[in-house]
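Number of protein chains: 2
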Amino acid sequence: MKEYDCACEELHEDSIKKAKETMPEEKLIKNISSFFKIMGDPTRIKIMNALLNNELCVCDISEIMNMTHSAISHQLRLLREADLVKYRKEGKVVYYSLNDEHVEQIYELAKTHILEKRG
Amino acid sequence: MKEYDCACEELHEDSIKKAKETMPEEKLIKNISSFFKIMGDPTRIKIMNALLNNELCVCDISEIMNMTHSAISHQLRLLREADLVKYRKEGKVVYYSLNDEHVEQIYELAKTHILEKRG
DNA sequence: AAAACATATGAACTATTGTTCATATATTCA
DNA sequence: TGAATATATGAACAATAGTTCATATGTTTT
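Protein chains in written order, with my numbering: chain A, 7 to 125; chain B, 7 to 125.
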């Protein structure tokens, strides 16, 4: 017998069934949460803000953030792996920018939402 | 003399200036990153998915997630505090749902983005 | 008013995260 | 080729997060 028993199991049977049926597979859930987790850090949000309509190299970002190249590079790796930013190499310089419009939209929507709720 | 010096400071002067000028205040940055941080956990993403067009009580969510009421309640508090979900009380039962369309849109955009990049 | 039920909260314990420091790779220029 | 520049990576350490267990709050029913 389960620990989670309560009347709801029968009362909300349909809603529960629906939720279970539409639940994505574990892998997609993990991908989605990892994506958001990477956006869940002030340093990285600042970097993303700096990259809004603005291509920048690691050195620029270090200067803007007032942080070491190493720290920035570590963060950029995470942002890259999460498909939040893309980059292009030009000689020894690596230029970063936001990955695509999805990323911009997600960022802007969240900002709007927060300003609405806590403005 | 700074550790971060490099040629970029002059070459990319305008981009750096622009990034600095459009940087939101620290408080907003923190609010945005906190918002995403809360979405950055598989348990909470599952809960949010269950709540897509589906109002559910704590007990329902426990059953769907196969987790204790306590664990779910802790997660729902975080989701509430981040303005990701809203709730209404009906007697002793508390019904949760996604806060608004912003939240749905952000979730759906991220899912689309991920399926596009890693599909 | 007491028992039962639904949800919330606090403390504690393990696991994960972000930065620093040292070092490695890659590209250019002399 | 060797020095200089730009970026990336690995290990380690302090800080933070997620679950569990115990307990508290609030609501209904008897």
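Just so you know, even glycine gets a beta-carbon here, dropped at the ideal spot from N, CA and C.
The count of Cβ pairs closer than 8 Å, one atom from the segment 9 to 23 of chain B and one from the segment 69 to 85 of chain A, reaches three, so the stretches are in contact. Contacts between L62(A) and chain B, judged by CB atoms closer than 8 Å, involve H18, S21, I22, A25 in chain order.
If you check the CB distance, P48(A) and I51(B) do not come in under 8 Å. Neighbourhood of Q111(B) in chain A, by CB distance below 7 Å: L115, in chain order. About 5 Å separates the beta carbons of L57(A) and L104(A), which is inside the 8 Å limit, making them a contact pair.
In the DSSP assignment, V99(A) is bridged to E96(A).
Under a criterion of Cβ atoms nearer than 7 Å, no residue of chain B is adjacent to G97(A); the nearest Cβ is some 11 Å distant. Residue-level contact by beta carbon holds for A56(B) and chain A, with a gap shorter than 8 Å.
Taking a cut-off of 8 Å on C-beta distances, the segment 87 to 94 of chain A does not touch the segment 92 to 106 of chain B, as fewer than three cross pairs fall below it. With contacts defined as CB atoms closer than 8 Å, I78(A) and V64(A) qualify as a contacting pair. For C63(B), DSSP records a beta bridge to Y101(B). The beta carbons of L115(B) and I112(A) sit about 5 Å from each other, so the pair counts as a contact at 8 Å.
Under the Cβ criterion of 8 Å, K36(A) is counted among the residues facing chain B. Going by beta carbons, I38(A) and I38(B) fall outside the 8 Å limit. Annotation: Cβ neighbours of R124(B) in chain A (cutoff 7 Å, chain order): N37. Using a Cβ-Cβ cut-off of 8 Å, H108(A) counts as an interface residue toward chain B, since at least one Cβ of chain B sits closer than that to its own. The beta carbon of V100(B) sits closer than 8 Å to those of C63, V64, Y93, R94, all from its chain and outside the five residues before and after it, given in chain order.
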